[in-house]
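Trainee: The sequence shown begins at 1 in our numbering and counts up by one.
Yeah, the Cβ is synthetic: ideal placement off N, Cα and C, and Gly gets one too.
Handing you a structure now.
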Amino acid sequence: MTSTSKYREDWKLRHVGSTLFLGGTLMLSIIMGQALIVLAAPVLLALYHWAIAPAVKFRHIAGPPFRPLVGNLPELFKNEYHEAVYQWSLQYGPVYRFFMGPTPIVVLADPELSKNVGLTLFHDFHDRTAMQSIETAPDGLVFSKGAYWAGARSAVMPLFHTEQLEAYAPAMHGALSKMRARMTEAAAKGEPVEVKQLTQQLSFDIIGKAAFGVDFEAQTDAETGPLVVAANKLINTIKIGSGAPLETVVGLFFPRAVQDCIAGLMKLVPGTMERVGFENRKFLMDVAERTAAERRARGGEDDVMRSSDFLTYLARTARVKDTGRKLTDREIRAIAMEVLLAGSDTTATTIAMAVFFLSYHADARNKVYKEIDRNAKAGVKEPGYSDLAKYSYVEQVVKETLRMFSTGPLLIRTAKRDMHVAGTHIPAGTIVWLATETVHRNPVHFPDPEQFRPERFDPHNPEALQRHPYAYLPFGLGPRMCVGFKFAMEEAQIALITLYQSFRFEPRPDTPTWPLKVWAGIVLKPSENILLDVYLR
Ligand code: HEM
């Protein structure tokens, strides 16, 4: 080989080598680039989902400025979140949006809009979205959906028919006699009473007897009674905001599947709120299931409507309206749990707050005494459900208490499809809050809203006659309205009648004043420490 041809050969080899090297590098960078894209895509997508999309998608609705990732959580949890909702409505009007982390919430704070969403457009705003991954949710009422919910609700409704409500009154009086004894003792000793604590225990005893048919012993054994201890522990785990379980916090930022996964994992770790919630829910559900089985075994499908408890009725008589099918054990225990949770703290807070307001309002208190004494003279001492019509002022007191201090200050609905409400586009899947408490505080519908004035609910009062029919919604509205509202009104009225038959409550220097620093939360943030002096009348 000549030197020229050798040179050519070397050159070729070098050329092939560098081409291969260049090609390889190019390939490698393409592969790495693609890998990078594959790896980065979810991060970019998540960033888009958290940091950009919500603001872009909801830019047509006014509201507080969006912050990437956290949205408006800081403002929301600074006070109580329905207080933030109220303040925003003053700033942005009756239709606005804010962001719970990256999740947009559209708020409607107007009676007509409540009517539209809760009633007129019900089929498009049929369901609620849960913040926690509650395992009983698909079988109960509160977070069940569509046709299943309608069937379950139809089976439960007869529990709140008039004759049944009449049958719960003796259990209410039974529980109240224990409370009266405790109050009498406190009055004799000159000791103050913490009203909310007492009414909480009272409510557990009442709902325990009515729903489960068993004695929760909350008033006699609050510290060690297994049912009341479990119920209290469970209630503490159902929180949103500071002190909420990790799964709830995760649920603010991640899709439901991630939240469920975290909830499942946390349940395995002793001491976590998820574990405490799981154990106590299971304990109570097992009690409900055992009790239902025992009630079922006692008899056939006979008439167990009167003088029975919820579980007996649900296990033996209840039927889904259209199909006629019986409720399963899973459904029965889920409904029993919900009733226990939805029906205890809400009613207890209402009774406690009514006593609180009355302690500061001698005029209203004297009208209550007058009504009670008039009925007592006419022979009504332990009123049943049908007697309550004779206590219209006590009813007005309960209504005004629920207006001033809502234990259900927001109604939750989810848009099933793209909708237009008040000319505003609401995309499918959006969570909508009907800010009922904000309306309750609006002077257009309730003049001097910070004033406790039960007379505003006197049906003959021009203020009541002129009010928008959907301005006052403490129990919600439409087909998803509170299933237990008549039970709650019955319990609150009977409790107040019993208490004011015998006692007088006076504020102390350390009693909170209105407005309270802490407002009721959507789930369970009661006004605690309502310390009052109690006297025999
Ligand atoms: C003062 C007491 C109570 C208040 C303020 C209250 C308030 C509410 C509110 C605002 C809702 C949502 C309604 C809606 O979205 O339109 C609701 C739903 C519900 N409440 Fe009550 N409630 C009280 C007592 C009770 C009691 C005593 C029970 C049971 C015995 C109960 C069981 C339920 C259930 C099961 C739901 C879900 C209904 C459904 O989605 O079909 N509540 N409650």
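#1: How far does the alpha helix (DSSP H) with T498 in it reach, from first residue to last?
#2: Figure out for me which residue from E80, L311, L496, M32 has the closest Cα to the Cα of A155.
#3: State the CB to CB distance for the pair V214 and T291, rounded to an integer number of angstroms; the pair is presumed to be in contact (CB under 8 Å).
#4: What would DSSP say about D124, mapped onto helix, strand or coil?
#5: Since V320 is in the alpha helix (DSSP H), which residue starts that stretch and which ends it?
#6: Starting from M337, trace the alpha helix (DSSP H) in both directions and tell me its first and last residue.
#7: Under three-state DSSP, which class holds H440?
#8: Check whether the region 109 to 125 touches the region 439 to 459, counting contact only when three or more Cβ pairs, one atom from each stretch, lie closer than 8 Å.
#9: State the DSSP-derived secondary structure class of H445, mapped to helix, strand or coil.
#10: Could you give the DSSP three-state label for Q457: helix, strand or coil?
#11: Quick one, which of E491, M100, Y360, Y81 has its alpha-carbon nearest A175's?
#12: Can we count A435 as close to the ligand HEM, meaning its CB is less than 7 Å from some heavy atom?
#13: May I ask which residues mark the beginning and end of the alpha helix (DSSP H) holding P170?
#14: What is the rounded straight-line gap between the Cα of N461 and the Cα of I207?
#15: Do E338 and the ligand HEM come close, with the Cβ less than 7 Å from some heavy atom?
#16: Could you tell me which of V269, S386, I37, Q501 sits nearest to Q164, measuring between CA atoms?
#17: With R290 as the anchor, note down where its alpha helix (DSSP H) starts and where it stops.
#18: If we count Cβ pairs, one from each stretch, closer than 8 Å, do we get three or more for the region 115 to 127 versus the region 69 to 86?
#19: Within 10 angstroms of the Cβ of L26, are there 16 or more other Cβ atoms? Answer buried if so, exposed if not.
#20: Less than 7 Å between C-beta atoms, sequence neighbours within five positions excluded: which residues of the same chain meet that for K267?
#21: Roughly how many angstroms separate the alpha carbons of F405 and T438, rounded to a whole number?
#22: Assuming the contact rule is C-beta atoms closer than 8 Å, G343 and G478 should be a hit. Round their C-beta distance to whole Å, please.
#23: Give me the residue from V421, H440, R441 with the minimum Cα distance to V556.
#24: Does the Cβ of F216 lie closer than 7 Å to at least one heavy atom of the ligand HEM?
#25: For the ligand HEM, any of its heavy atoms closer than 7 Å to the Cβ of V85?
#26: Measuring straight from C-alpha to C-alpha, what distance separates A378 and E371?
#27: Please report the residue range of the alpha helix (DSSP H) in which D260 lies.
#28: For T19, name the three-state secondary structure that DSSP assigns.
#29: When the Cα of Q201 is compared with those of V106, G225, A187, which residue comes out closest?
#30: Just the C-alpha distance for Q493 and Y360, rounded to the nearest angstrom, thanks.
#31: On the three-state DSSP scale, how would you describe Y48?
#32: Can we say the region 323 to 335 touches the region 126 to 143, given the rule of at least three CB pairs closer than 8 Å?
#33: So, P454 versus V397, is the Cβ gap smaller than 8 Å?
#34: With respect to 7 Å, is the separation between the Cβ of F487 and the closest non-hydrogen atom of the ligand HEM below this value?
#35: Measure the CB-CB distance between D216 and F204 and report whether it falls below 8 Å.
Mentor: On the basis of the coordinates in this document:
#1: Counting from one through the sequence shown, the residue named residue 498 turns up at place 498. Looking at the DSSP string, the run of the alpha helix (DSSP H) that includes T498 is 485 to 502.
#2: Position 155 of the sequence shown, counting from 1, holds the residue named residue 155. Nearest C-alpha to A155: L311.
#3: On the sequence shown, position 214 is the one that residue 214 refers to. On the sequence shown, position 291 is the one that residue 291 refers to. Contact holds; Cβ gap of about 6 Å.
#4: Counting from 1 along the sequence shown, the entry for residue 124 is found at position 124. For D124, the secondary structure class from DSSP, reduced to helix, strand or coil, is helix.
#5: Here residue 320 is taken as the residue at index 320 of the sequence shown, counted from 1. Counted as a single uninterrupted DSSP element, the stretch harbouring V320 is not any alpha helix (DSSP H), since DSSP gives it neither H nor E.
#6: As a working mapping, residue 337 is identified with position 337 in the sequence shown. 329 to 360 is the extent of the alpha helix (DSSP H) around M337.
#7: Working through the sequence shown from its first residue, we reach residue 440 at position 440. Of the three classes helix, strand and coil, the one that applies to H440 here is helix, per DSSP.
#8: Proximity of the region 109 to 125 to the region 439 to 459 meets the contact definition, three or more beta-carbon pairs being nearer than 8 Å.
#9: Here residue 445 corresponds to residue number 445 of the sequence shown, with the count starting at 1. Coil.
#10: The residue given as residue 457 occupies position 457 in the sequence shown. Per the sequence shown, the amino acid found at residue 457 is Phe instead of Gln. F457 falls in the helix class under three-state DSSP.
#11: Residue mapping note: residue 175 aligns to position 175 of the sequence shown, counting from 1. The residue with the shortest Cα to Cα distance from A175 is E491.
#12: On the sequence shown, residue 435 is found 435 positions in, with the first residue counted as 1. No, the Cβ of A435 stays beyond 7 Å of every heavy atom of the ligand HEM.
#13: Counting from 1 along the sequence shown, the entry for residue 170 is found at position 170. Start and end: 162 to 189.
#14: Looking up residue 461 in the sequence shown gives position 461. Looking up residue 207 in the sequence shown gives position 207. Going from the Cα of N461 to the Cα of I207 covers about 34 Å.
#15: Working through the sequence shown from its first residue, we reach residue 338 at position 338. E338 has its Cβ nearer than 7 Å to a heavy atom of the ligand HEM.
#16: Along the sequence shown, one-based indexing puts residue 164 at 164. Shortest Cα-Cα distance from Q164 to any of V269, S386, I37, Q501 involves S386.
#17: Within the sequence shown, the letter at position 290 stands for residue 290. In the DSSP assignment, R290 falls within the unbroken alpha helix (DSSP H) covering 273 to 298.
#18: Fewer than three beta-carbon pairs drawn from the region 115 to 127 and the region 69 to 86 are found closer than 8 Å, and the two stretches are therefore not classed as touching.
#19: Taking the sequence shown and counting its residues from 1, one reaches residue 26 at position 26. Burial call: exposed.
#20: Locating residue 267 in the sequence shown gives position 267, counting from the first residue. Contacts found: E274, R275, F278.
#21: Looking up residue 405 in the sequence shown gives position 405. Looking up residue 438 in the sequence shown gives position 438. Rounded to whole angstroms, F405 and T438 show a C-alpha spacing of 11 Å.
#22: Start at 1 with the first residue of the sequence shown, and residue 343 comes out as number 343. Start at 1 with the first residue of the sequence shown, and residue 478 comes out as number 478. Not really, about 20 Å apart at Cβ, beyond 8 Å.
#23: Absent from the structure is residue 556, since the part of the chain shown begins at 1 and ends at 537.
#24: Residue mapping note: residue 216 aligns to position 216 of the sequence shown, counting from 1. No, Cβ of F216 sits at least 7 Å from all heavy atoms of the ligand HEM.
#25: Numbered from its first residue, the sequence shown carries residue 85 at position 85. Set against 7 Å, the gap from the CB of V85 to the closest heavy atom of the ligand HEM is not smaller.
#26: The count along the sequence shown starts at 1 and reaches residue 378 at position 378. The count along the sequence shown starts at 1 and reaches residue 371 at position 371. Rounded to whole angstroms, A378 to E371 spans 11 Å at the Cα level.
#27: Numbered from 1 along the sequence shown, position 260 holds the residue referred to as residue 260. Run containing D260: 256 to 266, per the alpha helix (DSSP H) assignment.
#28: The residue you call residue 19 lines up with position 19 of the sequence shown. If DSSP states are grouped into helix, strand and coil, T19 belongs with the helices.
#29: Within the sequence shown, numbered from 1, the residue matching residue 201 stands at position 201. Selected option, being the one with the closest Cα: G225.
#30: As a position in the sequence shown, residue 493 is number 493, starting the count at 1. As a position in the sequence shown, residue 360 is number 360, starting the count at 1. So the two alpha carbons sit approximately 19 Å from each other.
#31: One-based indexing of the sequence shown puts residue 48 at position 48. If DSSP states are grouped into helix, strand and coil, Y48 belongs with the helices.
#32: Yes: at least three Cβ pairs fall under 8 Å.
#33: On the sequence shown, position 454 is the one that residue 454 refers to. On the sequence shown, position 397 is the one that residue 397 refers to. Yes, the pair counts as a contact, with Cβ atoms nearer than the cut-off.
#34: Working through the sequence shown from its first residue, we reach residue 487 at position 487. F487 Cβ: within cutoff of the ligand HEM.
#35: As a first step, residue 216 must be located in the sequence shown, where it is residue number 216. As a first step, residue 204 must be located in the sequence shown, where it is residue number 204. Going by the sequence as given, residue 216 is Phe instead of Asp. Their beta carbons are under 8 Å apart, which means F216 touches F204 by this criterion.
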